[in-house]
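Below is one structure, written out as structure tokens, with a few remarks after it.
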Amino acid sequence: MSAYLLNAGFSFTGELAALVAAFLWAVSTVIFGRLGKRLSPLMLNLSKGLLAIAFVGLTLGLRGSQPSNIEPLALGLLLLSGIIGIGLGDTAYFNALNHLGARRVLLMESLAPPIAALIAWIFLAEVLSLSAWLGMLLTLLGVSWVISERVPDVNPVQAHPWRGVLWGLLAAFGQAIGVVLSRAALTGTGIDPLWSTLLRLVGGVITLLVLLLAQRRLGRDAQPLRSPRLVGVVVVAAVLGTYLALWLQQTALKFAPTGIAQSLMATSPLFILPIALWLGDRVSLRALGGASVALVGIWLLFVQHS
């Protein structure tokens with residue numbers, strides 16, 4: 001996929017990959033929210049991870065792709081990125097989803113881009129221009145304005161909302177640290193984003209297996225997966241939200257600065273608006289205004305690279 005974008009002559013490979021990943025996450029978040037009623041966060045995360053590994057392996061086999069000379073440091077960074085970002089961060093995200101609902105969790109995820117940008121500035125010496133910071137700010141403000149609108153929530157806040165907030169914060173930090181580690185491994189190396197996706201998934205799945213086995217919950221939590229219909233839904237969610245989205249995420253991190261890539265990937269809520277219109281739902285002026293502000297921010301993020 002990343003090779004296609006490059007061969008097509010796109011000069012914004014990373015930015016475009018980030019936006020497509022955001023769209024896929026918008027769709028898969030709705031599916032994951034429903035799956036969370038049937039599967040525990042750990043089992044849901046493990047299931048999508050194992051399926052994604054299978055699809056990535058199949059894709060690499062069909063492409064006849066061989067692993068390039070991956071330096072031990074890059075290998076360690078990608079595995080650690082998977083442990084923190086997928087194994088721990090995604091599990092925290094699914095826990096927060098169960099407590100707060102998709103809209104509030106996506107609002108908390110807006111914290112991840114500035115956290116990632118700051119970490120990248122400190123440890124990777126990534127310096128963003130003033131227009132890039134302004135673009136990030138406008139994008140996140142627009143997204144936050146859309147998400148924070150009061151609407152009926154199909155997943156109301158449960159009895160312990162602060163527990164959901166804590167999970168949401170852990171998810172945001174896990175995601176931010178995970179993408180910075182990936183960026184550190186991808187920058188200046190010839191690692192294919194699909195191979196880095198595979199390594200991240202392996203790190204995450206190993207972590208999840210250890211947690212489930214330590215809690216002796218593997219067999220019990222896997223019981224709902226006896227339903228073929230449920231497995232089918234998990235497969236769809238894994239293809240969209242893990243296999244394709246993570247591949248695009250790694251492409252974005254390889255070709256765009258951390259803060260910019262993460263900001264564009266945080267625009268998932270904006271893609272809900274056209275989906276809602278297509279389904280015949282009403283979209284408020286506030287939502288359209290927030291989307292307009294975010295689009296100005298996205299334009300600035302593209303312009304600063306031109």
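Numbering (UniProt numbering), first residue to last: 1 to 306. Note that CB positions come from ideal geometry on N, CA and C, so glycine has one too.
With the rule of 3 Cβ pairs closer than 8 Å, the stretch 158-177 does not count as touching the stretch 59-76.
Contact annotation: the stretch 37-51 touches the stretch 206-224, with at least three C-beta pairs closer than 8 Å. Nearest to Leu128 by alpha-carbon distance, out of Ile272, Ala185 and Thr258, is Thr258. If only complete runs of 4 or more residues are kept, the stretch 115-193 shows the alpha helix (DSSP H) at 130-147 and 161-186, in order along the chain. It is roughly 46 Å from the alpha-carbon of Leu300 to the alpha-carbon of Pro228. Counting other Cβ atoms within 10 Å of its Cβ, Ala125 stays below 16 and is therefore classed as exposed. Here Trp25 is buried: its Cβ has 16 or more other Cβ atoms, across all protein chains shown, within 10 Å.
In the DSSP assignment, Glu71 falls outside any alpha helix (DSSP H) and carries neither an H nor an E. Counting only the Cα atoms, Phe123 lies some 10 Å from Ala116. Contact between the stretch 210-220 and the stretch 233-246 is absent: fewer than 3 CB-CB pairs across the two stretches fall below 8 Å.
When Val146, Leu248 and Ala21 are compared, the shortest CA-CA separation from Pro269 is found for Val146. Counting of Cβ neighbours within 10 angstroms places Arg104 among the buried residues, the total reaching 16 or more.
Only buried fits Leu79, as 16 or more other CB atoms lie within 10 angstroms of its CB. Judged by DSSP in its simplified three-state form, Lys37 adopts coil rather than helix or strand.
Across the set Phe302, Ser131, Ala185 and Gln223, the C-alpha of Ala185 shows the shortest separation from the C-alpha of Ala120.
DSSP, read as helix, strand or coil, puts Pro67 in coil.
For Leu111, same chain residues with a beta-carbon under 7 Å away, outside a window of 5 residues either side, are Ala172 in chain order. For Leu16, the closest alpha carbon among the candidates Phe255, Leu273 and Pro274 is that of Phe255. Around the Cβ of Arg183, a 10 Å sphere holds 16 or more other Cβ atoms; the residue is buried. Here the stretch 29-46 makes no contact with the stretch 282-297; the two share fewer than three CB pairs at distances below 8 Å. Note on Asn69: under 16 other CB atoms within 10 angstroms of its CB, so exposed under the neighbour-count rule.
Between the C-alpha atoms of Leu273 and Phe94 there is a straight-line separation of about 22 Å. CA-CA distance, Ala18 to Leu264, rounds to 6 Å. Looking only at Gly178, Gly204 and Leu295, the smallest Cα-Cα distance to Gln250 is reached by Gly178. Within the stretch 257-297, the complete alpha helix (DSSP H) runs of at least 4 residues fall at 258-265 and 268-278. Per DSSP, the continuous alpha helix (DSSP H) segment holding Thr91 begins and ends at Thr91 to Leu100. Pairing Phe271 with Phe23 gives a Cβ-Cβ distance under 8 Å.
In the structure shown, the three-state DSSP call for Ser47 is helix.
With respect to the C-alpha of Leu295, the residue from Arg34, Gly87, Asp90 and Leu140 having the closest C-alpha is Leu140.
Here Leu181 is not near Ser28, since their CB atoms are 8 Å or more apart.
CA-to-CA, the gap between Gly33 and Gly168 works out to about 14 Å.
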